[in-house]
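Below is one structure, written out as structure tokens, with a few remarks after it.
There are 2 protein chains.
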Amino acid sequence: MNMNKGKLIGIGVGPGDPELLTVKAVKTLESVPVICSPKSSPKKPSVALSIVQGILDGRSDEYNVIEPLFPMIEDKNALESYWAGAAELIISELDEGQNVSFITLGDPAIYSTFSYVARIIGDRGYLVEMIPGINSFTGCAASAGITLGEKDEIILVVPKVDQRLGEILEHADTAVVMKTSRHSHMLEEIVKQDPRDKEILSVQNCGMEDEEIFDGFARNGKYLSTTIIKFKKLENK
Amino acid sequence: MNMNKGKLIGIGVGPGDPELLTVKAVKTLESVPVICSPKSSPKKPSVALSIVQGILDGRSDEYNVIEPLFPMIEDKNALESYWAGAAELIISELDEGQNVSFITLGDPAIYSTFSYVARIIGDRGYLVEMIPGINSFTGCAASAGITLGEKDEIILVVPKVDQRLGEILEHADTAVVMKTSRHSHMLEEIVKQDPRDKEILSVQNCGMEDEEIFDGFARNGKYLSTTIIKFKKLENK
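These protein sequence lines map, in sequence, to chains R and P. Residues 1 to 237 (full-length UniProt numbering) make up the first sequence, in order. Residues 1 to 237 (full-length UniProt numbering) make up the second sequence, in order.
Shown next, in the form of structure tokens:
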């Protein structure tokens, strides 16, 4: 471990409402010298950064914000070169002894780009820590006033709609499907095959000012859409 | 909706570290007139209450703590009568126009006793809200420095060890199994059947002073034990 080097701290900033940050996340963001906030496009503001902007605005000391580009592409080689580039940017700060907080929507352990960058940096011998965040699906459940699991119910979390859902849905009591709006038709078809009664709802932009909750599926293509399907137990005949 | 009545607010207090409460939870606990903190035994202190005690100690105003008994029993009828009793206790406060915060370990939507009491109270026409909390498994992942899901990986969350696991494990990339220590031998047998390579770790008393992280399974019987199994993809032959 490089003892005179800074450490990388992955911070989950929760689904959208700045009040859903943890006390630990707020304290860290009030004092860390460098904030790394990836953005998906040079033209679009970072959602994670907008969530913590109020905390940063309250600081009277100097701090740096670095915003590496992480485009939403599927090409694995291209993605890896973006991650490596972000890692180099962060490492140059760590080498100067600066701690760097990498902010990420939701929780850093759940489908976060943080993990790819953290692996590169951890493998190079730097200290990496994580501060957990409210993940989108518990945020959605709270907004919608429903539970995700009770008693011995099994919860399934799937990051996107694909054909594997057909094989696994029958084993779940609750299915959380993230980023559903782009393939909501496929999701509907798969869910329809399950003979159980079900309660379906979707939450878009959870915790944000334009949060919307729908009965059923989300069809309008917004990126931050999560669908929760609660299956009722089949009665024994 | 009874407009002059108080509302019930389910608050997830996270896995153990008081700094993992959200800002919203702290603000609410600093001002709410009644805190409901169920305890599993008259002799044992409530874990959830101990997590928020520091916040309550900082208050200069008057507040009430009510501690209904929710024993850890399996008898459904007996349990329902405990829930109904707790609901009455809370309703008597709501009827006096007092808001009541029901504190619960982790998140109120994930295997929380809050849900049973909230249903009774909601059905009686009172307003019920939820403030999400850091759930134990993202807390465990952060403590252990691992991710739960990356890319298109499927996460399975199971509240306790039972035979259903055998049918469903093969569909998961990551399995989170809660309260594992009482049946860790059964869990080991089931996991062994899966031909994939795997990384297994267990976290006990996550976020608390006596937190412990084990390689493999937890065998010492502590209640707050979570085991995380990450499966490696089988190579195509």
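The C-beta atom is built at its ideal place from N, Cα and C for all residues, glycine as well. The structure presented is a predicted model; accordingly, all values stated were derived computationally and were not measured.
| Is any beta-carbon of chain R found at less than 9 Å from that of P/K233? | For P/K233, the answer is no, since every Cβ of chain R falls outside 9 Å of its Cβ.
| So what does DSSP say about P/V117, is it helix, strand or coil? | Reduced to three states, the DSSP call for P/V117 is helix.
| query | When the Cα atoms are used, what is the spatial distance from P/Y126 to P/T227? | reply | Per the coordinates, the alpha-carbon of P/Y126 lies some 37 Å from the alpha-carbon of P/T227.
| query | Does any CB atom of chain R fall closer than 9 Å to the CB of P/G145? | reply | Residue-level contact check: P/G145 touches chain R, since one or more beta carbons of chain R fall below 9 Å from its beta carbon.
| task | Starting from the C-beta of R/M186, find all residues in its chain whose C-beta is less than 6 Å away, skip the five residues before and the five after it, and write them out in chain order. | result | For R/M186, same chain residues with a beta-carbon under 6 Å away, outside a window of 5 residues either side, are V161 in chain order.
| query | How would you list, in chain order, the residues of chain P whose beta-carbon sits under 7 Å from the beta-carbon of R/I11? | reply | The premise fails here: R/I11 is roughly 10 Å from chain P at the closest Cβ pair, so nothing lies under 7 Å.
| request: Only counting runs of 4 or more residues, tell me where the alpha helix (DSSP H) segments fall wholly within the stretch 164-192 of chain R, in order along the chain. | output: List check, alpha helix (DSSP H) in window: 165-168, 184-192.
| Are any of the Cβ atoms in chain R nearer than 9 Å to that of P/Y223? | Against chain R, the CB of P/Y223 has no partner CB under 9 Å away; the residue lies outside that interface.
| request: Report yes or no: is there a C-beta of chain R within less than 9 Å of the C-beta of P/A109? | output: In terms of beta-carbon proximity, P/A109 lines the interface with chain R, with at least one pair separated by less than 9 Å.
| said: Short of 7 Å Cβ to Cβ, which residues in the stretch 110-135 of chain P face chain R? | reply: Those residues of the stretch 110-135 of chain P that come within reach of chain R (Cβ to Cβ, closer than 7 Å) are I110, Y111, S115, V128, M130, I131, P132, I134, N135.
| said: Just to make sure I have the definition right: I need the residues of chain P whose C-beta is within less than 7 Å of the C-beta of R/E150. Which are they? | reply: Those within 7 Å of R/E150 in chain P are Y111, S115.
| Between P/P15 and R/N135, what straight-line distance do the alpha-carbon atoms span, to the nearest angstrom? | Rounded to whole angstroms, the separation of the alpha carbons of R/N135 and P/P15 is 14 Å.
| task | Identify which residue in P/I11, P/Y82, P/E80, P/W83 has its Cα closest to the Cα of P/L49. | result | Of the listed residues, the one whose Cα sits closest to P/L49 is P/I11.
| query | Do the CB positions of R/S202 and R/T174 come within less than 9 Å of each other? | reply | In this structure, R/T174 does not lie closer than 9 Å to R/S202 by Cβ.
| According to the neighbour-count rule (16 or more other Cβ atoms, all chains shown, within 10 Å of its Cβ), is R/G54 buried or exposed? | By the Cβ neighbour-count rule, R/G54 is exposed, with fewer than 16 other Cβ atoms within 10 Å of its own.
| request: Indicate whether the contact test is met: 3 or more Cβ pairs, each with one atom in the stretch 36-43 of chain R and one in the stretch 145-164 of chain R, closer than 8 Å. | output: With the cut-off at 8 Å, the stretch 36-43 of chain R and the stretch 145-164 of chain R do not touch.
| Skipping 5 residues on each side, what residues in its chain have a beta carbon closer than 8 Å to that of R/G58? | So the qualifying residues of the chain are E30.
| query | Relative to the C-alpha of R/H184, which residue among R/I229, R/E167, R/D17 is closest? | reply | Residue identity differs from the one stated: residue 184 of chain R is Ser in this sequence, not His. The candidate whose alpha carbon is nearest that of R/S184 is R/I229.
| query | What residues of chain R sit near P/K160, judged by a beta carbon separation below 7 Å? | reply | Under the 7 Å cutoff, chain R gives D152.
| query | So, helix, strand or coil for P/D215, using DSSP? | reply | In this structure, P/D215 counts as strand in the three-state DSSP scheme.
| task | Could you work out which residues of chain P lie near R/V23, taking near to mean beta carbons separated by less than 8 Å? | result | Those within 8 Å of R/V23 in chain P are P18, E19, L20, L21, T22, V23, V26.
| said: Please tell me whether R/E167 has its Cβ less than 9 Å away from any Cβ of chain P. | reply: Closer than 9 Å to some Cβ of chain P, the Cβ of R/E167 qualifies, so yes.
| message | Taking CB distances under 9 Å as the criterion, tell me whether R/K237 reaches chain P. | response | Low local confidence applies: a pLDDT of 41 at R/K237 is under 50, so the model's placement there is unreliable, with the coordinate-based value given in what follows. Judged by the 9 Å Cβ criterion, R/K237 is not in contact with chain P.
| task | Identify the continuous alpha helix (DSSP H) that holds R/N99 and give its terminal residues. | result | For R/N99, there is no enclosing alpha helix (DSSP H), as DSSP gives it neither H nor E.
| field | Cut-off 6 Å between Cβ atoms - residues of its own chain near P/S46, not counting five sequence neighbours on either side | value | Once the five neighbours on either side are set aside, the close Cβ partners of P/S46 are S37, K39.
| request: Taking C-beta pairs closer than 9 Å, name the residues in chain P that R/A141 reaches, listed in chain order. | output: In chain order, D107, P108, A109, I110, M130, P132 make up the part of chain P whose C-beta sits under 9 Å from the C-beta of R/A141.
| message | Rounded to whole angstroms, what is the Cα-Cα separation between R/K232 and R/D197? | response | Between the alpha carbons of R/K232 and R/D197 lies a distance of about 5 Å.
| query | First and last residue of the beta strand (DSSP E) that includes P/T226? | reply | Per DSSP, the continuous beta strand (DSSP E) segment holding P/T226 begins and ends at 225-231.
| said: Quick check on the burial criterion: 16 or more other C-beta atoms within 10 angstroms. Buried or exposed for P/Q163? | reply: Under this definition P/Q163 is an exposed residue.
| request: Identify whether R/S50 lies in helix, strand or coil by the three-state DSSP scheme. | output: When DSSP states are grouped into helix, strand and coil, R/S50 belongs to the helix group.
| field | Closer than 8 Å at the beta carbon, the chain R residues around P/L201 | value | Neighbours of P/L201 in chain R, taken as residues at a C-beta separation under 8 Å, are lacking, since the least C-beta distance is about 13 Å.
| said: Let me check one thing: in DSSP terms, what residues is P/G122 bridge-paired to? | reply: According to the DSSP secondary-structure assignment, P/G122 is paired through a beta bridge with no residue.
| Considering only C-alpha positions, which residue in the set P/G133, P/A78, P/A109, P/T104 is nearest to P/E67? | Answer by Cα proximity: P/T104.
| said: Out of R/S115, R/G106, R/I35, which one is the CA nearest neighbour of R/Q98? | reply: Closest option to R/Q98, Cα to Cα, is R/I35.
| task | Pull up the DSSP beta-bridge partners for R/T22, would you. | result | In the DSSP output, where bridge partners are listed per residue, R/T22 has P/T22.
| task | Kindly confirm or deny that the stretch 81-89 of chain P and the stretch 136-154 of chain P touch, where touching means at least three C-beta pairs closer than 8 Å. | result | No, the stretch 81-89 of chain P does not touch the stretch 136-154 of chain P.
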